[in-house]
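Q: After the structure tokens below, expect a handful of questions from me.
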Amino acid sequence: MVVFAIVMVAYYSHEGYLAPWAPRLNAPRLPPQVVGVTTGPVAAGANVFYDKGCEFCHTVSGYGGIRGPDLSFVGDRLIRDQIATRIFSGATNMPSYSGKLTQQELNDLLSFLVSRRRLPPVGPPPTGFHAAQGNTEK
Ligand code: HEC
């Protein structure tokens, strides 16, 4: 029985560490090769992402928790304003950060998050593109 209890405690501690709902409090700061730059707003925003605990619940490029959605490519899904709205309003399992970030921290954080993209930035439409007809080029 004692052995069983020890095994169960060991098992659940291990499971707890990996459980998706548990914020990963030991997530390391994002390394420069993930952030892509070491100075400027994107780098500052990566620090805010860590310092304010976003990374405990959100993964970026394999680093961080998995309680919230993976934000590695959040810049492909959401525009800056949508991300700001989410940060202010929070969600079912995400705290609201309204009043918890300075304007500077928010700007840097948004610059970092919109830079998380797989796709190239949206440029002007290719020549020959007619919005009214749709792009017929295959
Ligand atoms: C306690 C865990 C937790 C923390 C801390 C947290 N989030 Fe979240 N976040 C979530 C969860 C859970 C969702 C999904 C909620 C939903 O869709 O209802 C989410 C959703 C999001 C989304 C929308 C993602 C998408 O693809 O739709 C963004 C952006 C986001 N969080 C950014 C942040 C930022 C930035 C911070 C830090 C300032 C942060 N989160 C802190 C749990 C967290």
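Using the numbering used here, the letters of the sequence shown map in sequence onto residues 119 to 256.
By construction, the Cβ of each residue, glycine as well, lies at the ideal position given by its N, Cα and C atoms.
1) Taking 7 Å as the cut-off, is the C-beta of residue 227 nearer than that to any heavy atom in the ligand HEC?
2) If residue 229 sits next to residue 163, beta carbons under 8 Å apart, how far is it from one beta carbon to the other, in whole angstroms?
3) For residue 216, collect the residues of the same chain with a Cβ closer than 6 Å to its Cβ; drop the 5 residues on either side in sequence, then sort them by chain order.
4) Could you check what DSSP says for residue 162 in three-state terms: helix, strand or coil?
5) Exposed or buried, what is residue 237 when buried is set at 16 or more other beta-carbons lying within 10 Å of its beta-carbon?
6) What's the C-alpha gap between residue 245 and residue 233?
7) Within a Cβ cutoff of 7 Å, which residues of the same chain sit near residue 225, ignoring the five residues on either side of it in sequence?
8) If you drop the 5 nearest sequence neighbours on each side, which residues of the same chain put their C-beta closer than 7 Å to that of residue 145?
9) Can you tell me which of the three DSSP states residue 237 falls into?
10) By Cβ distance below 6 Å, which residues in the same chain neighbour residue 192 in space, the five residues on each side in sequence not counted?
11) For the ligand HEC, is there any heavy atom lying closer than 7 Å to the beta carbon of residue 215?
A: This is what the structure holds:
1) Indexing the sequence shown from 1 puts residue 227 at position 109. Yes, since a heavy atom of the ligand HEC falls inside the 7 Å radius drawn around the Cβ of residue 227.
2) Within the sequence shown, residue 229 is the residue found at index 111, counting from 1. Within the sequence shown, residue 163 is the residue found at index 45, counting from 1. Right, the Cβ-Cβ distance comes to about 5 Å (below 8 Å), so this counts as a contact.
3) Translated into the one-based positions of the sequence shown, residue 216 becomes position 98. Excluding sequence neighbours, residue 216 sits near 206.
4) To locate residue 162, count along the sequence shown from 1; it is residue 44. Residue state, collapsed to three classes: helix.
5) Position 119 of the sequence shown, counting from 1, holds the residue named residue 237. Classification of residue 237: exposed, given that the 10 Å Cβ count is below 16.
6) In the sequence shown, the residue the question calls residue 245 occupies position 127. In the sequence shown, the residue the question calls residue 233 occupies position 115. In a straight line, the C-alpha of residue 245 is about 26 Å away from that of residue 233.
7) As a working mapping, residue 225 is identified with position 107 in the sequence shown. Once the five neighbours on either side are set aside, the close Cβ partners of residue 225 are 159.
8) Taking the sequence shown and counting its residues from 1, the one referred to as residue 145 is at position 27. Residues of the same chain with a CB within less than 7 Å of the CB of residue 145, apart from the 5 flanking positions on each side, are 173, 174, 181, 182 and 183 in chain order.
9) Sequence index remark: in the sequence shown, residue 237 carries index 119 (1-based). Three-state DSSP puts residue 237 in coil, outside helix and strand.
10) Residue numbering aside, residue 192 sits at position 74 when the sequence shown is read from its first letter. In its chain, beyond the 5 residues on either side, 231 and 234 have a beta carbon closer than 6 Å to the beta carbon of residue 192.
11) If you number the sequence shown from 1, residue 215 lands on position 97. At least one heavy atom of the ligand HEC is nearer than 7 Å to the Cβ of residue 215, so yes.
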